[in-house]
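The structure under discussion appears below in the form of structure tokens.
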Amino acid sequence: MKKDNQDTFARAYAMLQSLRQNVDKLTSVEEIYVNEYHAALDILENTGIDVTQFRIPPSEVQPRLTSWYYDGSETPGAYSKEKYVPKELLLTKLDAVLLYFDITHSEEPRKIGFST
Numbered sequence: 292m293k294k295d296n297q298d299t300f301a302r303a304y305a306m307l308q309s310l311r312q313n314v315d316k317l318t319s320v321e322e323i324y325v326n327e328y329h330a331a332l333d334i335l336e337n338t339g340i341d342v343t344q345f346r347i348p349p350s351e352v353q354p355r356l357t358s359w360y361y362d363g364s365e366t367p368g369a370y371s372k373e374k375y376v377p378k379e380l381l382l383t384k385l386d387a388v389l390l391y392f393d394i395t396h397s398e399e400p401r402k403i404g405f406s407t
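When the letters of the sequence shown are read in order and numbered with the working numbering, they come out as residues 292 to 407.
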């Protein structure tokens, strides 16, 4: 692996690890964390890695219901201006991309499957 790519991978991996550790402490995950996550994926994508399946779909980042009431309208409440993502979804995607890193970029490639 080229030294430039090694540095790029190390930086992206560090960003992803930091996100993983910090998101785990949160109760609500705001859109800014999704943006940081996607920025790390963009770094990887620029090296030629297809990261499409690791991305958070835009439909999963939505305002949160802040108060509920029913007045007969189609919107039974008020929603936040900020958007949030389900914490479990972001953690699952983070774990998946970090595992991908471990499998593909460890010094000794990990064996997958059964051995005979």
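C-beta: ideal position from N, C-alpha, C; glycine also.
Here the structure is a predicted model, which is why all the values come from computation and not from measurement.
Pairing P348 with S371 gives a Cβ-Cβ distance that is not under 7 Å. Counting other Cβ atoms within 10 Å of its Cβ, A305 stays below 16 and is therefore classed as exposed. By the criterion of a C-beta distance shorter than 8 Å, H329 is surrounded in its chain by R346 and I347, once the five residues flanking it on both sides are discounted. In chain order, I334 place their CB closer than 7 Å to the CB of R302, counting only its own chain and leaving out the 5 sequence neighbours on each side. Within the stretch 317-345, the alpha helix (DSSP H) runs of at least 4 residues that lie entirely inside it are, in chain order, 322-336. Its chain contains F300 as the residues whose beta carbon lies nearer than 7 Å to that of H396, once the 5 sequence neighbours on both sides are disregarded; these appear in chain order.
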